Amino acid sequence: MLDKLPNKVEINQKEIDIRSDFRQGIQFEMLMADSSISYMDKMLKAILIYYPKVPEDISACVEKLIWFYNCGMKLKERKNVNGKLTNKPIFSYEQDQYLIYSAFLQYYQIDLNDIEYLHWWKFKELFQELPDESKIKQVMMYRSIPITSNMSEDQRQFYANMKNIYRLNDDRSEKQIANSFASILASGMMNAPELEY
């Protein structure tokens, strides 16, 4: 609360400008989810999303943009509503855009279409803290809740129906989704091609 949110990252003892609006974070996440784009193209496009001027040290550049995307924290493992680890995404900025938009408008009086600037870290915190009764949080719960034998038949049927109604449209397998995003975030760019500056 006392520290200003960053608009720069330090790369090789230099302060480098980084685009910090929430739109860059959403573009980055959508880019990572696009199975039609190669790993190298994703990294190059990610750099162009975040940096107004591309730094020379591409590996450090990627490391810092991932740090920034993760709001200055280590990559957290995704958990479902029961606290169990899951690699399955439970929301999509593209598919859930109207639910996210309406939740921000309803609970924070923030119009995400009209707002000129909202720092990515602030956006992420506000998104995370949306009330459980918001439609987007309910949909995320439906997607993540495991259907177990401890549930009544009516509960199992209800949650199976909700999972079907609100399933994310993705032609990749769960393993491909998890591997794609996690490997890109974890690997950096050891053999990055040269970029023009």
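Each position in the sequence shown, counted from 1, maps to that position plus 1497 in the numbering used here.
Cβ coordinates follow ideal geometry from the N, Cα and C atoms, glycine included.
All values derive from a computational prediction rather than experimental measurement.
If distances are taken between C-alpha atoms only, which option among the options comes closest to residue i?
{"i": "Asp1514", "options": "Leu1602, Pro1552 and Glu1630", "result": "Pro1552"}
{"i": "Lys1511", "options": "Ser1649, Asp1554 and Ile1563", "result": "Asp1554"}
{"i": "Glu1626", "options": "Ile1597, Ile1642 and Ser1646", "result": "Ile1597"}
{"i": "Lys1660", "options": "Met1540, Met1529 and Lys1585", "result": "Lys1585"}
Helix, strand or coil, according to DSSP, for residue i in the structure here?
{"i": "Asp1518", "result": "strand"}
{"i": "Val1506", "result": "strand"}
{"i": "Glu1512", "result": "strand"}
With a CB to CB cut of under 8 Å and the five nearest residues on each side skipped, what residues in its chain are close to residue i?
{"i": "Lys1561", "result": "Val1506, Glu1507, Ile1508, Ile1513 and Ile1515"}
{"i": "Phe1525", "result": "Ala1543, Ile1546, Tyr1547, Leu1562 and Tyr1566"}
{"i": "Trp1564", "result": "Val1506"}
Tell me which residues share the same chain as residue i and place their Cβ nearer than 6 Å to its Cβ, disregarding the 5 neighbours each side in the sequence.
{"i": "Lys1621", "result": "Cys1568"}
Cutting at 7 Å between CB atoms, please list the residues of its own chain near residue i, excluding the five before and the five after it.
{"i": "Ile1644", "result": "Arg1653, Tyr1656 and Ala1657"}
Touch test, the segment 1518-1534 against the segment 1614-1621, Cβ-Cβ under 8 Å, three pairs minimum:
Touching, per the Cβ criterion.
Check whether the segment 1628-1636 and the segment 1593-1605 are in contact - that is, three or more C-beta pairs closer than 8 Å.
The segment 1628-1636 vs the segment 1593-1605: in contact.
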